[in-house]
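With positions in the sequence shown counted from 1, the corresponding number in this note's numbering is that position plus 138.
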Amino acid sequence: MSIPIAFIICTEPGRLEGQSLMLAESIRKFCGKLKNTPIYSFHPRAGEPILKQTQQAFEALQVNHQQIPINREFHEYYLANKPLVCAYAEQNIDAEILVFLDSDKCFFSEPKEFLLPPNCNVRLRPEYGQGIGSTGLQDPQEWYWQKLYEVLGVKREVFVDTPIGNKRIRAYWNSGLVAVRRSAGIFTTWKENFEKVMHLDITPPQGIYFVEQSVLSVTLCALEENVEHLPPNYSYPLPLHNRLSTKLQIKHWDDIISIHYFNLFFYNDWNAQIKRLKKININSDKYRWLCQEVIRLNMPRISVWHRYMLIIRRMEQKLKKFNLDINVSGWIEKMVKF
């Protein structure tokens with residue numbers, strides 16, 4: 139018998155374990171009428187299984203976890219897990235609506251907008267900033283999108299406005315939270331298009347990262363789906379709060395449906411980072427619960443130096459374009475104990 143809705147997540151050994159557990163906990167605690175929605179967790183690559191204690195915690199939360207080698211061909215590209223797992227779920231889970239969730243999400247209220255109306259097959263959020271997106275014909279990244287449009291058969295141009303900078307770009311949506319009607323076959327088409335693009339070796343200017351996300355966006359354009367945007371308090375990009383357009387900034391924690399926290403809780407200064415967010419009232423029992431869970435699950439593991447190193451490495455990569463091979467990060471690694 140078909141169920142109304144199911145949540146899909148990926149969980150692999152390491153920090154995803156704590157993230158997936160906190161996500162599942164938040165669903166069971168805060169999602170109201172949807173709190174008992176079935177959660178399917180997939181470990182889609184061969185290798186060591188997740189920890190026994192994580193499996194036991196999943197069982198207590200009634201999370202159905204399976205290790206199935208769904209991602210064989212693109213084993214080294216972890217973001218390939220998304221379209222491959224989503225397609226597998228679409229073909230094997232008998233639910234009317236499937237919601238894929240990145241593990242670095244956490245819910246604080248009932249996500250009623252996941253229940254798609256009859257005239258809509260997909261809901262998600264625009265990508266936060268331009269990133270690898272294109273503003274149009276004069277954009278230096280336009281060639282990548284034109285190539286995807288050509289290969290995947292896009293006939294109609296669609297644009298969206300970014301939450302950061304309110305920039306108008308070619309339709310580019312975030313793949314970390316996607317609600318679809320299973321019968322529309324969107325996830326399976328995404329997988330097929332992703333495999334096609336990977337085999338043709340079409341990659342953005344910055345490299346392979348975000349191929350799966352851009353392909354999802356172009357797939358939706360090619361299918362000419364009536365894409366509806368979830369409200370801004372869904373998958374709210376917490377670390378980017380200060381950079382969002384003022385009209386999109388959340389003023390009180392209790393107004394949030396769910397957050398997207400990226401690597402925020404990976405670093406030891408996560409609490410200080412949250413307190414630097416401007417004009418957001420964190421005086422909330424839900425926020426206090428979040429802090430307790432982050433600590434209980436031992437999520438912060440890395441010195442803030444690691445974050446600075448990533449910034450330095452990005453700068454070094456940019457300098458290489460000008461034939462400047464500067465290895466400051468290597469020197470810092472020798473001098474600083476992470």
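Ideal Cβ positions, reconstructed from N, Cα and C, are used throughout, including at glycine. In this text the structure is predicted, and so the values were computed from the model without any measurement.
| message | Extract the residue ranges of the alpha helix (DSSP H) inside the region 377 to 451, only unbroken runs of 4 or more that lie entirely within it. | response | 408 to 413 and 423 to 434
| field | Reduced DSSP category for Gly314 - H, G, I as helix; E, B as strand; rest coil | value | On the sequence shown, position 176 is the one that residue 314 refers to. If DSSP states are grouped into helix, strand and coil, Gly314 belongs with the strands.
| field | Gly274, buried or exposed, once every other Cβ within 10 Å from all chains shown has been counted against 16 | value | Taking the sequence shown and counting its residues from 1, the one referred to as residue 274 is at position 136. So Gly274 counts as exposed.
| Once you ignore the five residues that flank Ile177 on each side, which residues in its own chain have a CB closer than 6 angstroms to its CB? | What you label residue 177 is simply residue 39 of the sequence shown in a count that begins at 1. Here the set comprises Phe145, Ala162 and Val201.
| request: Quick one: grab the DSSP three-state call for Cys224. | output: In the sequence shown, the residue the question calls residue 224 occupies position 86. Reduced to three states, the DSSP call for Cys224 is helix.
| Going by Cα to Cα distance, which pick from Pro151, Gly170, Gln157 and Pro142 is closest to Asn436? | Taking the first residue of the sequence shown as 1, we reach residue 436 at position 298. Nearest of Pro151, Gly170, Gln157 and Pro142 to Asn436, Cα basis: Gln157.
| said: Looking at Glu205: is its Cβ nearer than 9 angstroms to the Cβ of Pro221? | reply: Taking the sequence shown and counting its residues from 1, the one referred to as residue 205 is at position 67. Taking the sequence shown and counting its residues from 1, the one referred to as residue 221 is at position 83. Note on identity: in this sequence residue 205 is Gln, with Glu being the wrong assignment. Contact flag unset, no.
| task | Please look up how many angstroms separate the CB atoms of Leu415 and Asn371, rounded, as I've assumed it's under 8 angstroms. | result | Position 277 of the sequence shown, counted from the start, is the residue given in the question as residue 415. Position 233 of the sequence shown, counted from the start, is the residue given in the question as residue 371. About 15 angstroms; that fails the 8 angstroms criterion.
| message | When you compare the region 384 to 395 with the region 318 to 325, are there three or more beta-carbon pairs, one atom per stretch, that lie closer than 8 angstroms? | response | no
| query | Going by alpha carbons, who is nearest to Glu197 out of Leu358, Pro264 and Ser179? | reply | The residue given as residue 197 occupies position 59 in the sequence shown. When each option's Cα is compared against that of Glu197, the closest is Ser179.
| query | Do Pro483 and Tyr399 have their C-beta atoms within less than 9 angstroms of each other? | reply | The structure shown does not extend to residue 483, since the chain is modelled only from 139 to 476, so the question has no answer here.
| In or out: Thr384 buried (at least 16 other Cβ within 10 Å) or exposed? | Taking the first residue of the sequence shown as 1, we reach residue 384 at position 246. Per the 10 Å Cβ criterion, exposed.
| said: Once DSSP output is grouped into helix, strand and coil, what is the label at Cys148? | reply: Within the sequence shown, residue 148 is the residue found at index 10, counting from 1. In this structure, Cys148 counts as strand in the three-state DSSP scheme.
| task | Spell out a yes or no on whether the region 311 to 323 and the region 354 to 369 are touching, meaning 3 or more CB-CB pairs, one atom from each, closer than 8 angstroms. | result | yes
| message | By DSSP's criteria, His181 is part of a beta bridge. Which residues make up the other side? | response | The residue labelled residue 181 in the question sits at position 43 within the sequence shown. Answer by DSSP bridge pairing, in chain order: Gln205.
| request: Grab me the residues of Arg329's own chain with a C-beta within less than 8 angstroms of its C-beta, minus the 5 sequence neighbours each way, in chain order. | output: For this step, residue 329 is matched to residue 191 along the sequence shown. The question names Arg, yet the displayed sequence has Lys at residue 329. Closer than 8 angstroms at Cβ, skipping near neighbours: Pro221, Leu222, Cys224 and Ala225.
| request: Could you name the residues that DSSP lists as bridge partners for Cys244? | output: Within the sequence shown, residue 244 is the residue found at index 106, counting from 1. Per DSSP, Ile397.
| message | Starting from Phe325, trace the alpha helix (DSSP H) in both directions and tell me its first and last residue. | response | Within the sequence shown, the letter at position 187 stands for residue 325. Ile324 to His337 is the span of the alpha helix (DSSP H), which, as asked, contains Phe325.
| said: Rounding to the nearest angstrom, what Cα-Cα distance links Gln430 and Pro438 in this structure? | reply: Counting from 1 along the sequence shown, the entry for residue 430 is found at position 292. Counting from 1 along the sequence shown, the entry for residue 438 is found at position 300. Taking the straight line joining both Cα atoms gives about 12 angstroms.
| message | Restricting to Cα atoms, I'd like to know which of Ser164, Asp392, Ser422 and Ala410 is closest to Thr175. | response | Taking the sequence shown and counting its residues from 1, the one referred to as residue 175 is at position 37. Of the candidates Ser164, Asp392, Ser422 and Ala410, the one whose C-alpha sits nearest the C-alpha of Thr175 is Ser164.
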